[in-house]
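Undergrad:
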Amino acid sequence: MIEISPPDHRTLARWFPTGSPGPATIGEHVLTAGIGRWWADRPVQPSAVAVSCAGYVVLRGSPEKLTPDLLAPLAGNRVEASARFLPALGAAFDRLTPWERMIWTLQATPQPASVPHAVTVRHLDPADTDAVHALGPDASWLSASWGGPRGLAASGHAWAAVGRTGRILAVACTYFRGNRYEDVAVYTVPDRRRHHLALACVTSLCADITARGHTPGWNCSLHNRASRLLAWNAGFRLVREYVHYAVGSPVSHDRLSA
Numbered sequence: 044m045i046e047i048s049p050p051d052h053r054t055l056a057r058w059f060p061t062g063s064p065g066p067a068t069i070g071e072h073v074l075t076a077g078i079g080r081w082w083a084d085r086p087v088q089p090s091a092v093a094v095s096c097a098g099y100v101v102l103r104g105s106p107e108k109l110t111p112d113l114l115a116p117l118a119g120n121r122v123e124a125s126a127r128f129l130p131a132l133g134a135a136f137d138r139l140t141p142w143e144r145m146i147w148t149l150q151a152t153p154q155p156a157s158v159p160h161a162v163t164v165r166h167l168d169p170a171d172t173d174a175v176h177a178l179g180p181d182a183s184w185l186s187a188s189w190g191g192p193r194g195l196a197a198s199g200h201a202w203a204a205v206g207r208t209g210r211i212l213a214v215a216c217t218y219f220r221g222n223r224y225e226d227v228a229v230y231t232v233p234d235r236r237r238h239h240l241a242l243a244c245v246t247s248l249c250a251d252i253t254a255r256g257h258t259p260g261w262n263c264s265l266h267n268r269a270s271r272l273l274a275w276n277a278g279f280r281l282v283r284e285y286v287h288y289a290v291g292s293p294v295s296h297d298r299l300s301a
């Protein structure tokens, strides 16, 4: 597919789901935050359009004219698309792995979360950029939807549990901000898990999201028990399930011509 200019809100609504939790928030986030890319099978009157951000892709339209070469730029992402796209995706990539996902929204009062006196739960700000970076490669995904550690720290959409030395122990942030729903993501450093720090951060973040007139959402793997338990304790309840597909490398030209 070829990269195209961002659409306006009316065009977005024609191609992508809007105003709902889950994958719908990706297109809305990319349009407002300007972080991500837009794709189409052709620049004028496309029959298929995709939006990508932080390793996630939402693909819409008709698959009939999608060749492996056109789909190749989507390699290495997790693609949410209807079942009619699966033959085209299967022909374009060497691997197509389904991931069962769960979408939750905030519907109940969260469980109380107390934190140690030496820990402060507060907003992140630009001065925390180095501390976000210090979380290391395992947490790099957390800031990807904001363009990296500086973008996340300056976003105004993240809460952290911070120790006396300034070390970040847990972070909860809006991962994708939609027009009605904000998708929540969370990370806790390995040596401070099960200390209720993530729950405290999520609860503070959700209060912010609600104050903005939005509804917090949660998107996780069906098999991620820890994420499901945290979501439940934070007051989230299941809305629906869906499947997205992790795609591998583009198929080789040798295979295409065989």
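Our numbering applies: residue 44 is where the sequence shown begins, and numbers increase by one. No residue lacks a Cβ here, since even glycine has one placed at the ideal position from N, Cα and C. Predicted model, so just to flag it, every value in this text is computed and none were measured.
Hey, out of T217, R103 and N222, whose CA is closest to G194's CA?
TA: Among T217, R103 and N222, the Cα nearest to that of G194 belongs to T217.
Undergrad: Would you tell me roughly how many angstroms separate the C-alpha atoms of V162 and P153, rounded to the nearest one?
TA: For V162 and P153, the distance between alpha carbons rounds to 20 Å.
Undergrad: M44 and L102 - do their beta-carbons sit closer together than 7 Å?
TA: No.
Undergrad: With DSSP as the reference, identify every bridge partner of R121, one or two as the case may be.
TA: Answer by DSSP bridge pairing, in chain order: Y99 and A289.
Undergrad: Could you check whether the region 270-279 touches the region 239-246, counting it as contact only if at least three pairs of C-beta atoms, one from each stretch, sit closer than 8 Å?
TA: A contact exists between the region 270-279 and the region 239-246.
Undergrad: So D147 and G291 are in contact, right, with Cβ under 8 Å, and what is the actual spacing, rounded?
TA: It is Trp, not Asp, that sits at residue 147 in the sequence shown. Not really, about 29 Å apart at Cβ, beyond 8 Å.
Undergrad: For S90, which of helix, strand or coil comes out of DSSP?
TA: Reduced to three states, the DSSP call for S90 is coil.
Undergrad: Leaving aside the five residues before and after Y288 along the sequence, list all residues of the same chain whose C-beta is less than 6 Å from its C-beta, in chain order.
TA: Once the five neighbours on either side are set aside, the close Cβ partners of Y288 are V122, L139 and P141.
Undergrad: Grouping DSSP H, G and I as helix and E and B as strand, with all else coil, what is G133?
TA: DSSP places G133 in helix when its eight states are reduced to three.
Undergrad: For the region 249-258 against the region 106-120, do three or more pairs of beta-carbon atoms, one drawn from each stretch, fall closer than 8 Å, so that the two count as touching?
TA: Counting Cβ pairs under 8 Å, fewer than three are found: no touch.
Undergrad: Report the three-state DSSP secondary structure of P259 (helix, strand or coil).
TA: The answer is strand: DSSP assigns P259 an E or B state.
Undergrad: Can you give, in chain order, each stretch of the alpha helix (DSSP H) that sits fully within the region 174-241 and has at least 4 residues?
TA: Complete alpha helix (DSSP H) runs here, min 4: 192-197.
Undergrad: Would you please state the rounded distance, in angstroms, between the beta carbons of A174 and G209? I believe it to be under 8 Å.
TA: That pair is a contact at about 6 Å.
Undergrad: Using a Cβ-Cβ cut-off of 7 Å (strictly less than) and excluding sequence neighbours within five positions of F128, which residues of its own chain qualify?
TA: Excluding positions up to five away in sequence, the list reads L102 and P106.
Undergrad: Could you give the distance in angstroms between the alpha-carbon of N314 and the alpha-carbon of T54?
TA: No answer is possible for residue 314: the residues shown for the chain start at 44 and end at 301.
Undergrad: Please classify V73: does DSSP put it in a helix, a strand, or coil?
TA: DSSP places V73 in helix when its eight states are reduced to three.
Undergrad: Hey, could you find the ends of the alpha helix (DSSP H) A274 is sitting in?
TA: Run containing A274: R268 to N276, per the alpha helix (DSSP H) assignment.
Undergrad: In three-state DSSP terms, what is S295?
TA: S295 falls in the coil class under three-state DSSP.
Undergrad: Label S188 either buried or exposed according to how many other C-beta atoms from any shown protein chain fall within 10 Å of its C-beta, with 16 as the threshold for buried.
TA: Label assigned to S188: buried.
Undergrad: With distance defined between alpha-carbon atoms, name the residue in E46, L178 and V282 nearest to T13.
TA: The displayed coordinates of the chain run from 44 to 301. Any statement about residue 13 would go beyond what the structure contains.
Undergrad: Suppose the cutoff is 7 Å on Cβ atoms and the five residues either side in sequence are ignored; what does the same chain contact list for L299 look like?
TA: Any reading at L299 must be qualified, since the residue scores a pLDDT of 48, below 50, and its modelled position is unreliable; the value itself is stated next. So the qualifying residues of the chain are P111.
Undergrad: Given a cut-off of 7 Å on the beta-carbon distance, is the pair A43 and V100 in contact?
TA: A question about residue 43 goes unanswered here, because the residues of the chain that appear run from 44 up to 301.
Undergrad: Give the range of the alpha helix (DSSP H) segment to which L114 is assigned.
TA: Unbroken alpha helix (DSSP H) run through L114: P111 to L114.
Undergrad: Taking all protein chains shown into account, do 16 or more other C-beta atoms lie within 10 angstroms of the C-beta of A151, making it buried, or fewer, making it exposed?
TA: Its Cβ having fewer than 16 others within 10 Å, A151 is exposed.
Undergrad: In the DSSP output, what is G104 paired with across the bridge?
TA: Partner(s): A91.
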